[in-house]
Amino acid sequence: MSDTTPAAGAARPREQWTGQVGFILSAIGSAVGLGNIWRFPGVAYENGGGAFLIPYLVALITAGIPILFLDYAIGHRFRGAAPTAFRRLGGRSGRWLESLGWFQVTIAFVIGLYYTAVIAWALSFFVFSFDLRWGDDPAGFLFGEYLRIPEDSVFTLDFVPGVLIPLALVWIAAIVVLALGVAKGLQRVNVVFLPLLVVAFLILVVRALFLDGAADGLNALFTPNWTALTDPDVWIAAYSQIFFSLSIAFGIMVTYASYRRRRSNLTSPGLVVAFANSSFEILAGIGVFATLGFLAFRQGVAVSDLDGIAGVGLSFVTFPAIVSEMPGGPIFGALFFGSLAMAGFTSLVSVLQVVIAAVQEKLSISRRAAAVGIGGVSAVLSILFFSTTTGLLALDVTDMWTNNIGIVASAVIMTIVVIWVLRRGPELRYHLNALSTFPVGRVWIGLVGVLAPLVLGYMLVARIITLITEGYDTYPFWYLGVFGWGAIAVLVIGAVVGTLVPWRHSPDHYRAWPPYPPEPDASRNKEAGR
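Numbering of the sequence shown is given in numbering that gives the first Met the number 0, commencing with residue 0 and proceeding in unit increments.
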């Protein structure tokens with residue numbers, strides 16, 4: 000098929016963002032999620048405090064932004080969701096490379112199942128904030144009265160109504176947004192929610208800065224421990240944080256970039272997205288640790304003596320305890336949990352869009368049918384596994400394996416295959432430079448093809464060895480086999496099955512126009528490399 004004509008039988012043009020601002024807000028909305036609020040502060044605190052910002056910035060520039068550009072280049076150059084884009088990228092080898100796209104799609108599918116549960120908890124606690132329903136024992140309330148986690152079992156099918164109802168509401172909202180489309184659904188949600196999130200969180204941070212003990216909390220976070228810079232684990236933690244917070248290497252940014260117009264600036268918006276995401280993380284760190292300083296002040300202990308400074312414990316145990324003790328606590332709590340829910344929802348719809356777009360293109364069905372079908376199946380599985388009394392346990396294990404093995408493996412494979420096996424780095428670099436105002440040099444290919452796979456490969460191998468030899472937390476090994484290694488098995492099976500399902504139309508069916516610019520010839524490559 001010629002690269003200068005649309006595919007025969009292409010019945011509908013590909014959806015598009017309405018403009019660059021809509022794309023940027025949507026990409027930031029995807030990147031800014033739960034991890035920005037509850038992961039970064041704890042990681043920074045545990046890895047050198049203020050000194051951590053140095054490896055964090057290095058990781059952002061040398062790995063986060065380069066891989067983000069790679070996702071953008073693949074998605075825009077080959078005009079499709081992850082399986083479509085990788086199939087076209089692979090050329091004659093497209094069939095097997097399509098499986099990498101389906102591997103990323105399955106990652107997004109699995110993440111969507113449990114990510115909705117955390118958003119449902121945030122919505123519940125938003126309501127609980129107004130009457131401080133957790134009382135004097137937030138931990139007992141969360142694990143006992145709310146989640147009803149049993150002491151003698153790690154798996155049950157006993158549903159918790161307080162989780163099931165908001166979880167169902169989150170799924171209904173997500174399906175509606177996805178069914179409305181890219182411009183009317185995804186973009187509108189981000190245009191509304193992202194400014195609201197920023198305003199709400201700014202109010203929260205400003206209030207936190209005026210609490211007693213706030214300075215102690217900030218000192219605990221930002222006082223640099225320079226000796227930490229000699230610890231390789233600190234640098235690995237920085238690359239890990241950047242990697243997980245930018246929504247890269249599992250189909251989101253490939254899919255989002257595919258909805259950009261033909262002549263669209265790619266690199267400059269990418270810089271805006273990357274630095275906006277990091278700015279929000281630092282803002283979250285300020286707000287969280289100023290608030291932790293207040294709690295330490297009220298309890299008469301050092302910040303380092305507090306429990307629960309990251310993850311679920313921070314958001315649903317420590318913060319409720321703070322809200323109960325501070326003036327105007329209900330309003331502060333509503334702002335925090337409202338922000339958590341909005342950040343989670345904008346990320347959720349981006350994760351689900353990866354799956355919807357891939358199925359829509361493979362089966363040549365309408366967006367509404369894909370959204371309702373995939374959303375309905377996902378909702379049933381999500382409710383079945385994560386609205387029960389052991390939902391938190393399943394979530395914890397599945398998240399650990401999916402993120403630390405699934406996504407990292409996807410990134411390592413993608414960078415090696417694209418740069419070294421297919422040798423498409425110069426072409427993608429040319430595509431970026433032909434369209435963008437911020438040019439990327441040859442060093443970009445080195446960062447993507449050498450540094451990224453080395454660092455991420457080390458992370459992957461080290462994590463696999465640790466999980467095999469030491470297990471995870473206090474979970475029995477059979478449970479880790481089912482919800483941990485079982486999740487990885489699902490990713491592999493999803494990649495195989497997705498690839499084997501026949502295309503209802505040619506993979507070029509949804510191409511609204513040929514990729515811009517056309518594949519460069521040798522002279523153009525030579526000129527672009529100057």
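For glycine and all other residues, C-beta sits at the position ideal for the given N, C-alpha and C.
*Run of the alpha helix (DSSP H) containing residue 124, from where it starts to where it stops*: 93-128
*Residues in its own chain within less than 6 angstroms of residue 82 by CB, not counting five upstream and five downstream?*
Within the same chain, residue 82 has close Cβ partners 97, 100, 101 and 357.
*Are the stretch 70-84 and the stretch 303-321 touching, with three or more C-beta to C-beta distances below 8 angstroms?*
no
*Counting only the same chain and skipping the five closest in sequence on each side, list residues whose C-beta sits under 6 angstroms from that of residue 216.*
288, 289, 291, 292 and 302
*To the nearest angstrom, how far is it from the Cα of residue 248 to the Cα of residue 344?*
20 angstroms
*asked:* How far does the alpha helix (DSSP H) with residue 409 in it extend, from its first residue to its last?
replied: 407-415
*Check each candidate in 38, 402, 206 and 451 and name the one with the smallest Cα separation from residue 419.*
451
_Segment contact flag, the stretch 470-481 with the stretch 390-409, C-beta cutoff 8 angstroms, min 3 pairs_ = yes
*Taking three-plus beta-carbon pairs below 8 angstroms as touching, is the stretch 412-429 in contact with the stretch 443-457?*
By the Cβ test, the stretch 412-429 is in contact with the stretch 443-457, since at least three Cβ pairs between them sit closer than 8 angstroms.
*asked:* Please report the straight-line C-alpha distance between residue 246 and residue 191, rounded to a whole angstrom.
replied: 20 angstroms
*Taking Cβ to Cβ, would you say residue 55 is nearer than 8 angstroms to residue 241?*
yes
*Could you tell me the boundaries of the alpha helix (DSSP H) in which residue 497 lies?*
485-499
*Going by CA-CA distance only, name the one from 257, 41, 325 and 500 that's closest to residue 353.*
257
_Which of helix, strand or coil DSSP assigns to residue 209_ = coil
_Straight-line Cα distance separating residue 267 from residue 182_ = 21 angstroms
*asked:* By alpha-carbon positions, which one of 126, 488, 12 and 338 ends up nearest to residue 195?
replied: 338
*Counting only the same chain and skipping the five closest in sequence on each side, list residues whose C-beta sits under 8 angstroms from that of residue 415.*
448 and 452
*asked:* On the CB-based measure, 16 or more other CB atoms within 10 Å of its CB, does residue 0 come out buried or exposed?
replied: Bear in mind that a pLDDT of 36 at residue 0, under 50, signals an unreliable position, so the model cannot answer this.
_Buried versus exposed call for residue 279 [16 or more other C-beta atoms within 10 Å across all chains shown]_ = With 16 or more neighbouring CB atoms inside 10 Å of its own CB, residue 279 falls in the buried class.
*So, are the CB atoms of residue 236 and residue 417 less than 8 angstroms apart?*
Using a Cβ distance threshold of 8 angstroms, residue 236 and residue 417 do not count as a contacting pair.
*Which word fits residue 65, buried or exposed, when buried means at least 16 other C-beta atoms lie within 10 angstroms of its C-beta?*
buried
*Using three-state DSSP, classify residue 158 as helix, strand or coil.*
strand
_Can you check which of these residues, 367, 297 and 355, is closest to residue 211 by C-alpha distance?_
297
_Which of the three DSSP states is assigned to residue 16 in this structure?_
coil
*Along the chain, where does the alpha helix (DSSP H) that runs through residue 426 open and close?*
424-434
*Residues in its own chain within less than 6 angstroms of residue 154 by CB, not counting five upstream and five downstream?*
389
*In its own chain, which residues sit with a C-beta less than 6 angstroms from the C-beta of residue 533, not counting the 5 before and 5 after it?*
An answer regarding residue 533 cannot be provided, because it is not within the stretch 0 to 529 covered by the chain.
*asked:* Measuring straight from C-alpha to C-alpha, what distance separates residue 38 and residue 243?
replied: 10 angstroms
_Please tell me whether residue 381 and residue 116 are closer than 8 angstroms, where the distance is taken between their beta carbons._
Cβ atoms of residue 381 and residue 116: closer than 8 angstroms.
*Might you give, ordered along the chain, the residues of its own chain that have their beta carbon closer than 8 angstroms to the beta carbon of residue 106, omitting 5 neighbours on each side?*
Excluding residues within five positions, the ones whose Cβ falls inside 8 angstroms are 249, 250, 401, 405, 406, 409 and 490.
*Meets three-Cβ-pair contact criterion under 8 angstroms: the stretch 11-26 and the stretch 226-236*: no
*Measure the CB-CB distance between residue 28 and residue 349 and report whether it falls below 8 angstroms.*
yes
_Limits of the alpha helix (DSSP H) - the one that residue 69 falls within_ = 64-77
*Given 8 angstroms as the limit, is there contact between the stretch 198-207 and the stretch 326-335, that is, 3 or more CB pairs closer than that?*
yes
*Proximity below 8 angstroms, CB of residue 322 to CB of residue 30*: No. Outside cutoff.
*Per DSSP, what kind of secondary structure is residue 389 in: helix, strand or coil?*
coil
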